[in-house]
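Engineer: Numbering (my numbering), first residue to last: 412 to 669.
The beta carbon of each residue, even a glycine, is placed where N, CA and C say it ideally should be.
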């Protein structure tokens, strides 16, 4: 910028009052049009919509959220967005949220409790209207549990249960999945069946291990602790565990990704 040039003035954003003046209606009528209320006549609605386009008006979402006590935002925390399982889950959640007029704010905990707690505090401070959570292993600290209780927003758990927080959860039938997989291999003539599990402190890994054990018993197969390897649901972990099982001999094994 040269010495003689003047700084360009920033154009002030149009307000709802500007739209009301431009369309020659009240602020309440503009608000009714923005919120798609049915009682506004076609002629007035058209004038307001034209004024909104002309002035490039954007509603003040912060002000609206304060008035409505809603942010139209749902928070979601997953353990590892790089895990191939989660992108489709997140996509489904976002599609459903947008269908009902909500936005999705995504966080990634990396399966670390301290990071999960920080992200929960962040979402609570953002005054989200609800939280979807894939819980990491471990208990939330008491002060955070108290904060969650006080804000009183709904939680839904995804893939893992954590009754201390809520019983509302969307999960697969982990027990039955592991049970059916083992019985399928057994009926195909496999006698030594291994398991690559997730962290045994999380609910879905526990349920899969339980299904695995019960299916071995049902098929009268021997449970060999050496054929059970605990992983962390990441590709590298599964690869290493698979190699270690293959070194134990001819083994059929299954694992799941989330």
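1) Within a Cβ cutoff of 7 angstroms, which residues of the same chain sit near residue 590, ignoring the five residues on either side of it in sequence?
2) State the beta-bridge partners of residue 581 as determined by DSSP.
3) Classify residue 522 as buried or exposed, calling it buried when 16 or more other Cβ atoms lie within 10 Å of its own Cβ.
4) Keeping to the same chain, check which residues put their C-beta closer than 6 angstroms to that of residue 555; ignore five residues upstream and five downstream.
5) If you compare alpha carbons, which of 587, 562, 612 is closest to residue 571?
6) Based on DSSP bridge pairs, tell me the residues matched to residue 487.
7) Under the three-state reduction of DSSP, which class applies to residue 606: helix, strand or coil?
8) With distances taken between CB atoms, is the gap from residue 543 to residue 567 smaller than 8 angstroms?
9) Is the beta carbon of residue 548 closer than 8 angstroms to that of residue 498?
10) Cα separation between residue 432 and residue 425?
11) Since residue 670 is in the alpha helix (DSSP H), which residue starts that stretch and which ends it?
12) Ends of the beta strand (DSSP E) at residue 525?
13) Taking the CB atoms as reference points, tell me whether residue 619 and residue 588 lie closer together than 8 angstroms.
14) Can you tell me whether residue 613 is helix, strand or coil according to DSSP?
15) Can you tell which of 515, 559, 452 has its C-alpha closest to the C-alpha of residue 531?
16) Residues in the same chain with beta-carbon distance under 7 angstroms from residue 655, minus the five sequence neighbours each way, listed in chain order, please.
17) Do residue 485 and residue 515 come within 8 angstroms of each other at the CB atom, strictly closer than that value?
18) Would you call the CB atoms of residue 732 and residue 599 closer than 8 angstroms?
19) Out of curiosity, what's the CA-to-CA distance linking residue 429 and residue 550?
20) Which residue's Cα is closest to the Cα of residue 505: 526, 517, 638?
21) How long is the line joining the alpha carbons of residue 510 and residue 652, rounded to whole angstroms?
Structural biologist: By the coordinates alone:
1) Residue 590 sits at position 179 when you count from the first residue of the chain shown. If we look at residue 590 and ignore the five residues flanking it on each side, its Cβ neighbours are 622, 625, 626.
2) If you number the chain shown from 1, residue 581 lands on position 170. In the DSSP output, where bridge partners are listed per residue, residue 581 has 569.
3) Working through the chain shown from its first residue, we reach residue 522 at position 111. Classification for residue 522: buried.
4) Start at 1 with the first residue of the chain shown, and residue 555 comes out as number 144. Once the five neighbours on either side are set aside, the close Cβ partners of residue 555 are 528.
5) As a working mapping, residue 571 is identified with position 160 in the chain shown. For residue 571, the nearest C-alpha among the options comes from 612.
6) Residue numbering aside, residue 487 sits at position 76 when the chain shown is read from its first letter. Answer is 517, 543.
7) For the purposes of this step, residue 606 is taken as residue 195 along the chain shown, with counting starting at 1. Correct three-state label for residue 606: strand.
8) Locating residue 543 in the chain shown gives position 132, counting from the first residue. Locating residue 567 in the chain shown gives position 156, counting from the first residue. Closer than 8 angstroms, so yes.
9) Here residue 498 is taken as the residue at index 87 of the chain shown, counted from 1. Here residue 548 is taken as the residue at index 137 of the chain shown, counted from 1. Their beta carbons are not under 8 angstroms apart, which means residue 498 does not touch residue 548 by this criterion.
10) Along the chain shown, read from residue 1 onward, the residue named residue 432 stands at position 21. Along the chain shown, read from residue 1 onward, the residue named residue 425 stands at position 14. Looking at the two C-alpha atoms, the distance is approximately 11 angstroms.
11) Since the first and last residues shown for the chain are 412 and 669, residue 670 lies out of range.
12) Walking along the chain shown from the start, residue 525 turns up at place 114. Note, residue 525: premise wrong, no beta strand (DSSP E); alpha helix (DSSP H) at 524 to 536.
13) Here residue 619 refers to the residue found at position 208 of the chain shown. Here residue 588 refers to the residue found at position 177 of the chain shown. Cβ atoms of residue 619 and residue 588: closer than 8 angstroms.
14) For the purposes of this step, residue 613 is taken as the residue at position 202 of the chain shown. DSSP places residue 613 in coil when its eight states are reduced to three.
15) Within the chain shown, residue 531 is the residue found at index 120, counting from 1. Per the Cα distances, 559.
16) In the chain shown, residue 655 corresponds to position 244, counting from 1. Answer for residue 655: 640, listed in chain order.
17) Indexing the chain shown from 1 puts residue 515 at position 104. Indexing the chain shown from 1 puts residue 485 at position 74. Their beta carbons are under 8 angstroms apart, which means residue 515 touches residue 485 by this criterion.
18) Residue 732 falls outside the range modelled here, since the chain spans only 412 to 669, and no answer is possible.
19) Within the chain shown, residue 429 is the residue found at index 18, counting from 1. Within the chain shown, residue 550 is the residue found at index 139, counting from 1. Spanning the two alpha carbons is a distance of roughly 51 angstroms.
20) On the chain shown, position 94 is the one that residue 505 refers to. The candidate whose alpha carbon is nearest that of residue 505 is 517.
21) As a first step, residue 510 is located in the chain shown; it is residue number 99 there, counting from the start. As a first step, residue 652 is located in the chain shown; it is residue number 241 there, counting from the start. Roughly 41 angstroms separates the two Cα atoms.
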